[in-house]
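Using the numbering used here, the final residue of the sequence shown is 447, and nothing's skipped along the way. Yeah, the Cβ is synthetic: ideal placement off N, Cα and C, and Gly gets one too. Only one structure is covered here, and it is reproduced in the block below.
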Amino acid sequence: MSETLVTVANAAPKVGFVSLGCPKALTDSELILTQLSAEGYQTSKTFAGADLVIVNTCGFIDDAVRESLDTIGEALAENGKVIVTGCLGAREGEGGGNLVRQMHPSVLAVTGPHATHEVMTAVHQHLPKPHDPFVDLVPPQGIKLTPRHYAYLKISEGCNHRCTFCIIPSMRGDLVSRPIGDVLTEARKLFEAGVKELLVVSQDTSAYGVDVKYRTGFWDGKPVKTRMFDLVRSLGELAKGYGAWVRLHYVYPYPHVDEIIPLMAEGLCLPYLDVPLQHSHPDVLRRMKRPASGEKNLERIARWRELCPEIVVRSTFIAGFPGETETEFDHLLDFLREARIDRAGCFAYSPVAGALANELPDAVPDGLREERRARFMAVAESVSADKLQQRVGATMQVLVDSAPGMGKKGGIGRSYADAPEIDGVVRLLPPEKISKTLKVGEFTKAKIVAAQGHDLLAVPI
Ligand code: SF4
């Protein structure tokens, strides 16, 4: 075990840094120090001469634990502003709490190992970054191509599945989940920048964390698992503070998704699930090699509706996949009618260069694929129209997307049932009250007066 008290130059803001433990901890220290230096922080030789102290701890054996706790104690006594990182930061104390917090409740933040981003977030919070005339031109949430009030949050890259019609895994590789601390930090920045609707995206949102075995990460000094449930709950709790929505896309109907539905019922995320099912017939799903193809989707959707009756299910399907028989296609239409998918889209199968499905026998002729797509859409539209009709007379919360002239002549918005770009909208009529205005990016309550195609017509109240 070695101890390194790092010294850099003498300009403010200054950070004192103690690195304890093994070479792995040392490399974590190097990453943090590199980042500090890149951002213009200086380091201090002494605790007393620093504006804040970071202690990278070791928790391997009792002696190392004692040394780490003593160092934190010294830093607190001589400086007072202390951030703790490293292995000891991940250790549980008695009764399941965090050991470091139990022993030293006044530390500013505690993270586990490999947590450069979380440590830097805590540093920024307690010792603001020196001004940099170059990078400070970039807004903290980064450059966004969506309107200011909604944003996509990517939680992972790549995919572990090998659907026969898809070449994404060959282009983007296997699933790599982003660290949960990074994802939540980005979400907070987006909310701080005015985002009112966060759209969680990936290739397979339900698989979040599988690649890292649901590793425990850190955020805001607290341990949090890299797992869909923990992510959605944390995002929901965060969004609540900003009065914002969280919407989930690309979720597969795995049993563990059932755990998310009570979070919807609690209001932590929108009761909306985008579940790309692609087909209903087990043989077609097998030929497609779809994830969760063995699940009983009708029962699963029924269960979700039992737990959260207002849930809206959006899905996409493929008509005319190679080998699809008339019976298999009819199975799909029956499924659509029975599952009452609120928002269903359908593509006629089209071969993608490099996809395995191209080698499957019994290709469905082009014209028939199109014909099946049209038949599918006719059923989908009648289910959707029925469902929209049932909303007439209800009052819904609507996020305003467009409101020329402060909405005096009305505007366009969306309810929880409408994701931007892919679903319908709520067409807002002029508000009932003369004094009421509508503003883009703000919510309004609206009374639904009619259904029109995929959209609703409503009066802001
Ligand atoms: S789940 Fe299937 S369709 Fe989606 S990205 Fe992965 S391989 Fe492609």
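Exposure of residue i, with buried meaning 16 or more beta-carbon neighbours within 10 Å
| i | result |
| --- | --- |
| E310 | buried |
| V93 | buried |
| P91 | exposed |
| H135 | buried |
| N344 | exposed |
| H242 | exposed |
| G439 | exposed |
| S30 | buried |
| Q264 | buried |
| Q189 | buried |
| V435 | exposed |
| G82 | exposed |
| I447 | exposed |
| K282 | exposed |
| R233 | buried |
| S220 | buried |
| P9 | exposed |
| P295 | exposed |
| R158 | exposed |
| L22 | buried |
| D352 | exposed |
| L74 | buried |
| T57 | buried |
| S5 | buried |
| G128 | exposed |
| M392 | exposed |
| R272 | exposed |
Sub-9 Å separation of residue i and residue j beta-carbons
| i | j | result |
| --- | --- | --- |
| Y238 | S266 | no |
| Y27 | V105 | no |
| F3 | L19 | yes |
| A225 | L184 | yes |
| E25 | P116 | yes |
| F151 | M274 | yes |
| L374 | A325 | no |
| N42 | A11 | yes |
| P257 | Y138 | no |
| A101 | N65 | no |
| G45 | V51 | yes |
| V210 | L254 | no |
| A334 | G306 | yes |
| E284 | F315 | Note that residue 284 is Leu in the sequence shown here, rather than Glu. Going by C-beta atoms, L284 is not nearer than 9 Å to F315. |
| V465 | V186 | As displayed, the chain neither begins before -13 nor continues past 447, which places residue 465 out of reach and without an answer. |
| G72 | S54 | yes |
| D328 | R289 | no |
| Y236 | E178 | no |
| L443 | L415 | yes |
| G167 | T97 | yes |
| T107 | P165 | no |
| C149 | P277 | yes |
| P(-1) | L38 | yes |
| A366 | A330 | yes |
| L113 | V1 | yes |
| V181 | A230 | yes |
| V68 | I40 | yes |
| V369 | R323 | yes |
Residue i - partner residues in DSSP beta bridges
| i | result |
| --- | --- |
| Y39 | Checking the sequence, you will find Val at residue 39 rather than Tyr. V39 is bridged to G2 and V68. |
| A95 | I69 |
| Y138 | L185 |
| I398 | S388 and R413 |
| Y258 | V298 |
| V232 | L184 |
| D441 | Q438 |
| A334 | A305 |
| P446 | A432 |
| K208 | W205 |
| V162 | E143 |
| E78 | N84 |
| Q383 | K431 |
| Q264 | F303 |
| T29 | V1 |
contact_flag[the segment 246 to 259, the segment 193 to 210] where n(CB pairs < 8 Å) is 3 or more
no
3 or more residues per run - each beta strand (DSSP E) lying fully within the segment 297 to 329:
298 to 305
Should the segment 415 to 432 be called in touch with the segment 373 to 390, which here means at least 3 C-beta pairs below 8 Å?
yes
Can at least three beta-carbon pairs, one atom from the segment 164 to 180 and one from the segment 389 to 407, be found at a separation below 8 Å?
no
Contact between the segment 402 to 415 and the segment 333 to 350: three or more CB pairs below 8 Å?
no
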